[in-house]
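A short worksheet on the structure shown next.
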Amino acid sequence: MINGYVRNGDLNAARKLFDQNTSSRNVVSWNSMITGYVKHDHMPHAQLLFDQMPVRDVVSCNTILSGLYKIKNPEGIYHSILQMGRIGLRPNEFTFSIVITAFLNTVFNVLIPQLHGLILCLALNSSVFVGSSLMRGYTDLRNCEGLHQVFDEILVKDVTSWNALILGYMDLGLTAKARRAFELTPEKNVVSWTTLVNGYITNKKLNEAWSLFNKMSERNVVSWTVMINGYVQNDKFVCALEVFLSMLRSGARPNHFTFSSVLEACAGCSSLLMGKQIHSNVLKFGMPLDVILSTSLVDMYAKCGDIEAAFSIFESIPKKNRVSWNSIIGGYARHGLATRALEEFERMMKCGVRPDEVTFVNVLSACSHGGLIEEGERHFNLMGTKYGIQAGIEHYTCMVDLYGRAGHLEKAEKLIKGMPFEPDVVVWGAFLAACGLYSSLELGEFAAEGVYKLESDHPAVYSMLSKIHGEKGVWGTVFELRKMMKERHAKKQKADAKPEHLQEYDPT
DNA sequence: CTAGGGTTAG
16 MINGYVRNGD
26 LNAARKLFDQ
36 NTSSRNVVSW
46 NSMITGYVKH
56 DHMPHAQLLF
66 DQMPVRDVVS
76 CNTILSGLYK
86 IKNPEGIYHS
96 ILQMGRIGLR
106 PNEFTFSIVI
116 TAFLNTVFNV
126 LIPQLHGLIL
136 CLALNSSVFV
146 GSSLMRGYTD
156 LRNCEGLHQV
166 FDEILVKDVT
176 SWNALILGYM
186 DLGLTAKARR
196 AFELTPEKNV
206 VSWTTLVNGY
216 ITNKKLNEAW
226 SLFNKMSERN
236 VVSWTVMING
246 YVQNDKFVCA
256 LEVFLSMLRS
266 GARPNHFTFS
276 SVLEACAGCS
286 SLLMGKQIHS
296 NVLKFGMPLD
306 VILSTSLVDM
316 YAKCGDIEAA
326 FSIFESIPKK
336 NRVSWNSIIG
346 GYARHGLATR
356 ALEEFERMMK
366 CGVRPDEVTF
376 VNVLSACSHG
386 GLIEEGERHF
396 NLMGTKYGIQ
406 AGIEHYTCMV
416 DLYGRAGHLE
426 KAEKLIKGMP
436 FEPDVVVWGA
446 FLAACGLYSS
456 LELGEFAAEG
466 VYKLESDHPA
476 VYSMLSKIHG
486 EKGVWGTVFE
496 LRKMMKERHA
506 KKQKADAKPE
516 HLQEYDPT
């Protein structure tokens, strides 16, 4: 009865019934009520009921655990399973699949092999559910052997187990193994295909991804979005937009994931015309404008040159988060409106939103574009002392740029010599641009020497070196800098995603 | 009454 109301989403009716039947309450009615609160994101209420229960069973615990997972509280999960042990409740398949999934990408993932041991003791390793979550766990730990072994232990493998195997191999960078697993999958579904396509994309094999995508007999909104986003992440913005148009022609309905990616494509190729059309599509499709989608719109308008439209959408976001603020501050910085950028930063602080590294990159670059030296220095110092954010190489680059543009080449030089990083091509690029701007041959040589010492180089650096001797426009260098900054970011991501030693398994 | 696989923003 109570569960009927919970299923229909009528939490109040469920609670009413629950409160009335004090005498005939059983564990199931308590659990149903807790389920209702968890489903509707009322964790405190769920927790309260759980604490009030006269007798708790494993389902009560599992429900709380899934609630804690939903609000991303792995620490709470950890304490809850300890508590479970003290009460003497034996965890079941549900418990383990929830707990393992909740520990993914957290510091608690080191416990996953230990949970695996417990699972073996309780003879739960043959479960498909436990098995596939364990597979995600070993993937998270970058343990290929574990991944394979857990898969083998699953008694009756279903398509989800196979998909977890494909995904695991792809996450580990083993595209050939993933492909083999895909071929061996008995009943491939659209998820199997999409996992493979997305895996090729994250492993930078765009052509493989595209040819596979074209062979798909069935595509859903996720498959389309994966392909669109794949092109966006690889800077093939026009391709992304073309795929989106095919998607619309096919009659598939885009969702907020799709639109976020498509808007990023518009931003990437600075197409205000297309961006506006996508915006009207968002409205036409009746997409709920959540924070993420709205922020994508803000960013698109800012990058396509319509900063006022960006601002007006930004203002319309009821619950602006850190990314939204970063987006508008970055937008103002890009448009050279340093004062407005700083004003938004102050407003962000007033709203109690904590800044992060990106915030300060944007703030500092606003200062550098606006020639606000003291303000830039102030924020550069404040980011560590007041906000506890360590300055990264990107922030130093902004400061070098700031001093350089203002003609304070000695200050820039001093900063480079004193910074806790080896200067990279981007730093030298910023410095060189300044040397070019102020025709400083002497310091240009200092930079040239620095560049020479780097293992990696960049053609843009040479073009700037040559620029010191005259010619070319100033705007060219700004563009080159941006490009290098972006590439630095891409390289960092790539290094995190797949270590080289895993590459050798891949013959293609 | 509780659980596993594919997609979003700076």
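This note's numbering puts the first residue of the first sequence at 16, with every later residue one more than the last.
Glycine included, every Cβ here is placed at the ideal spot set by N, Cα and C.
Treat the numbers as computed from the prediction; the structure is a model and nothing was measured.
ask   = So is residue 46 buried or exposed if we call it buried at 16+ other beta carbons inside 10 Å?
value = To locate residue 46, count along the first sequence from 1; it is residue 31. By the 10 Å Cβ count, residue 46 comes out buried.
inquiry  = Tell me which residues share the same chain as residue 486 and place their Cβ nearer than 7 Å to its Cβ, disregarding the 5 neighbours each side in the sequence.
reply    = Position 471 of the first sequence, counting from 1, holds the residue named residue 486. Reliability fails at residue 486, whose pLDDT of 44 lies under 50, so the model's placement of it is uncertain and the value that follows must be treated cautiously. Cβ neighbours of residue 486 beyond the five flanking positions: none.
The alpha helix (DSSP H) enclosing residue 59, as first and last residue numbers = Numbered from its first residue, the first sequence carries residue 59 at position 44. Note, residue 59: alpha helix (DSSP H), 58-67.
request  = Buried or exposed for residue 393, please, with buried defined as at least 16 other CB atoms from any protein chain shown within 10 angstroms of its CB.
outcome  = Position 378 of the first sequence, counting from 1, holds the residue named residue 393. Flag for residue 393 reads exposed.
C-beta contact flag for residue 332 and residue 306 at 8 Å = Position 317 of the first sequence, counted from the start, is the residue given in the question as residue 332. Position 291 of the first sequence, counted from the start, is the residue given in the question as residue 306. Yes, these two residues count as a Cβ contact at 8 Å.
message = Quick test of your reading: residue 150 and residue 165, contact by CB under 8 Å. State the CB separation rounded to the nearest angstrom.
response = By 1-based counting over the first sequence, the position of residue 150 is 135. By 1-based counting over the first sequence, the position of residue 165 is 150. At roughly 5 Å, the Cβ-Cβ gap stays under 8 Å, so residue 150 and residue 165 are in contact.
request  = Specify the secondary structure class of residue 136 as computed by DSSP and reduced to three states.
outcome  = In the first sequence, counting from the first residue as 1, residue 136 sits at position 121. Helix.
task = Note down the Cα distance separating residue 131 from residue 140, rounded to an integer number of angstroms.
result = Locating residue 131 in the first sequence gives position 116, counting from the first residue. Locating residue 140 in the first sequence gives position 125, counting from the first residue. The alpha-carbon atoms of residue 131 and residue 140 are separated by roughly 8 Å.
request  = State yes or no: is the C-beta of residue 256 within less than 8 Å of the C-beta of residue 224?
outcome  = For this step, residue 256 is matched to residue 241 along the first sequence. For this step, residue 224 is matched to residue 209 along the first sequence. Contact: no.
ask   = Quick one: Cα of residue 329 to Cα of residue 322, how far?
value = As a working mapping, residue 329 is identified with position 314 in the first sequence. As a working mapping, residue 322 is identified with position 307 in the first sequence. So the two alpha carbons sit approximately 10 Å from each other.
query = For residue 172, which three-state DSSP category applies?
reply = Within the first sequence, numbered from 1, the residue matching residue 172 stands at position 157. Coil at residue 172, not helix or strand.
inquiry  = Just verifying my parser: in three-state terms, what is the DSSP assignment at residue 88?
reply    = Here the question's residue 88 lines up with position 73 in the first sequence. Three-state DSSP puts residue 88 in coil, outside helix and strand.
ask   = Out of curiosity, what's the CA-to-CA distance linking residue 411 and residue 285?
value = Translated into the one-based positions of the first sequence, residue 411 becomes position 396. Translated into the one-based positions of the first sequence, residue 285 becomes position 270. Taking the straight line from one Cα to the other gives about 28 Å.
query = Ordered along the chain, which non-local residues of its own chain (more than five positions away) have a Cβ less than 7 Å from that of residue 198?
reply = In the first sequence, residue 198 corresponds to position 183, counting from 1. So the list is empty, once near-sequence residues are dropped.
query = In its own chain, which residues sit with a C-beta less than 6 Å from the C-beta of residue 235, not counting the 5 before and 5 after it?
reply = What you label residue 235 is simply residue 220 of the first sequence in a count that begins at 1. Cβ neighbours of residue 235 beyond the five flanking positions: 205.
Alpha-carbon spacing of residue 177 relative to residue 417, whole angstroms = Taking the first sequence and counting its residues from 1, one reaches residue 177 at position 162. Taking the first sequence and counting its residues from 1, one reaches residue 417 at position 402. Cα-Cα distance, rounded: 53 Å.
ask   = From residue 240 to residue 269, what distance separates their C-alpha atoms?
value = Mapped onto the first sequence, residue 240 falls at position 225. Mapped onto the first sequence, residue 269 falls at position 254. If you take the alpha carbons of residue 240 and residue 269, they lie about 8 Å apart.
task = Measuring alpha carbon to alpha carbon, tell me which of 468, 399 and 180 ends up nearest residue 192.
result = Indexing the first sequence from 1 puts residue 192 at position 177. Checking every option, the nearest Cα to that of residue 192 belongs to 180.
inquiry  = Rounded to the nearest angstrom, what separates residue 490 and residue 446 at their Cα positions?
reply    = Reading the first sequence from its first residue, position 475 is the one you call residue 490. Reading the first sequence from its first residue, position 431 is the one you call residue 446. Low confidence applies here, because residue 490 scores a pLDDT of 45, under 50, leaving its location unreliable; read the following figure in that light. If you draw a straight line from the Cα of residue 490 to the Cα of residue 446, it comes to about 15 Å.
query = Exposed or buried, residue 43, counting other C-beta atoms within 10 Å across all chains shown (16 or more means buried)?
reply = Numbered from 1 along the first sequence, position 28 holds the residue referred to as residue 43. Of the residues assessed, residue 43 falls on the exposed side of the cut-off, its CB having fewer than 16 other CB atoms within 10 angstroms.
Proximity below 8 Å, CB of residue 459 to CB of residue 499 = As a working note, residue 459 is residue 444 in the first sequence. As a working note, residue 499 is residue 484 in the first sequence. Taking 8 Å as the Cβ cut-off, residue 459 and residue 499 do not qualify as a contacting pair.
ask   = How should residue 250 be labelled, buried or exposed, when 16 other C-beta atoms within 10 angstroms of its C-beta is the threshold for buried?
value = Your numbering for residue 250 matches position 235 in the first sequence. Result: exposed.
message = Let's see if you can read the secondary structure: which residues bound the alpha helix (DSSP H) around residue 281?
response = Here residue 281 refers to the residue found at position 266 of the first sequence. Per DSSP, residue 281 belongs to the alpha helix (DSSP H) from 271-283.
task = Measure the beta-carbon distance from residue 344 to residue 325 and round it to whole angstroms, keeping in mind my assumption that it falls under 8 Å.
result = As a first step, residue 344 must be located in the first sequence, where it is residue number 329. As a first step, residue 325 must be located in the first sequence, where it is residue number 310. At roughly 11 Å, the Cβ-Cβ gap does not stay under 8 Å, so residue 344 and residue 325 are not in contact.
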